[in-house]
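First comes the structure, then the notes that go with it.
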Amino acid sequence: MHSSLIAWILRAIPFGTIIMYGALGETVTEKSGNLNLGVPGIMYLGGFAGFASAWAYENTAANPSGAVSVVIALTCAILASMAGGLIYAFLTISLRANQNVTGLALTTFGMGVANFFGVFILNGASYSAAPIANKAFSAKIPVLSTLGGFGQVVFSYGFLVYAAIALAIALHWFLTRTRAGLNLRAVGENPATADAAGINVTLYKYLATCIGAGICGIGGLYYVLDYNQGIWATTGQIEALGWLAVALVIFTTWKPLNAIWGAYLFGMLYWLYQFLPSILGIKVASYITDLIQMVPYVVTIVVLIAVSFRKKKENQPPESLGLSYFREER
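In this text, residue positions in the sequence shown follow my numbering: the first is 5, and each later residue adds one.
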């Protein structure tokens, strides 16, 4: 049972890290009042760009370096996903297109672009791999990761796991302790009032959407080059994780710090079907495992209902979320 519990946690934390990046990025975007449902597509763009650049570097450099591969993959993943965010921002902020429709179109676009160009990299093979990048991204903390069960549970992950936690803390500080963060929240709550106070609403919305998309893209990169062992395969798993990230934003009531424990809870619940039988020492029917995998979504719905009933302002989404801002109507 002890070993099964450790194995469960070791699966849950990397899984949670993927959706944590997506949730943190979407939280930044939604704090500006933009509802970007293109998170799955953006994660696809980030994952593919990061993998493709690392793969190309490994196959062209004479002596490829893991550190260089990390820098190249991260840079390309962030730039590609920010480009997706820029497309969304231009359509919804400048052209005032419907945010829901634009986000869903971006999801389809991101998946299509990644899978289309992925065919050229796969070149007829069942998969392509970037082993050097995978080794660099998944490297455990030396010495500490060997300290028994505690070392396994706490220190045996790639650096992006710890970076996600640091990012959540930094975003909490930014949104609650800095003038720029408070301005961003003002834009999301009431853009007309923020505009009247001299805040550049358009600039804040563009920056929040693009930076948020860049953070989401790191989640896709982490999935491919660490969680999926550096293998690119068109399985559609990134899309499912992207929607879980959107659900996590609601579950955490738009608070970055809540994304830390919320993401890991989602990971534990998602993998519950695989480890529950061994922990309890029972055999579980296949249809029960399918029901168990629905638990994260069910929990999100319950939280959404509870938050709606309590009506606490701090637990509600930004007031102008999903609404285009027309300055002429101010």
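Glycine included, each C-beta is placed from N, C-alpha and C at the ideal position.
Given the structure is predicted, the values throughout are model-derived calculations rather than measurements.
Only residues of its own chain outside the window of five on either side were considered, and among them 223, 226, 227, 231, 245 have a CB closer than 7 Å to the CB of residue 22, listed in chain order.
Residue 309 and residue 318 have their alpha carbons spaced roughly 15 Å apart. When secondary structure is reduced to three states using DSSP, residue 203 falls in the coil class, being assigned neither helix nor strand. Our two residues, residue 98 and residue 200, have alpha carbons roughly 19 Å apart in a direct line. Leaving aside the five residues that flank residue 256 on each side, the residues in its chain whose CB is nearer than 6 Å to its CB run, in chain order, 262, 263, 266.
For residue 139, the closest C-alpha among the options 25, 164, 183 is that of 164.
As the crow flies, the alpha-carbon of residue 96 is around 12 Å from that of residue 41. Checking the DSSP bridge columns, you'll see residue 265 has no partner listed. Per the coordinates, the alpha-carbon of residue 161 lies some 42 Å from the alpha-carbon of residue 329. Positions of the alpha helix (DSSP H) runs, each at least 4 residues long and wholly inside the region 32–67, are given as 43–64 in order along the chain.
Using a C-beta cut-off of 8 Å, the region 56–75 makes no contact with the region 32–39, since fewer than three inter-stretch Cβ pairs fall below that distance.
Segment contact: the region 61–76 against the region 295–302, fewer than three CB-CB distances shorter than 8 Å; contact not assigned. Rounded to the nearest angstrom, the Cβ distance from residue 221 to residue 85 is 2 Å, consistent with a contact under 8 Å. Boundaries cannot be given for residue 325, as no alpha helix (DSSP H) includes it and DSSP labels it neither H nor E. In this structure, the CA atom of residue 208 is about 18 Å from the CA atom of residue 174.
For residue 86, the enclosing alpha helix (DSSP H) begins and ends at 70–93. For residue 203, same chain residues with a beta-carbon under 8 Å away, outside a window of 5 residues either side, are 187, 190, 191 in chain order. With a beta-carbon spacing of about 11 Å, residue 260 and residue 34 fall beyond the 8 Å limit used to define contacts.
Checking the DSSP bridge columns, you'll see residue 133 partnered with 235. Between residue 249 and residue 43, the C-beta gap is smaller than 9 Å, which places the two residues in contact. Secondary structure of residue 151 (DSSP, three-state): coil.
Listed in chain order, the non-local C-beta contacts of residue 155 below 7 Å within the same chain comprise 148, 149, local neighbours out to five positions each way being set aside.
Rounded to the nearest whole angstrom, the CA to CA distance from residue 159 to residue 145 is 6 Å.
Residue 211 and residue 27 have their alpha carbons spaced roughly 17 Å apart.
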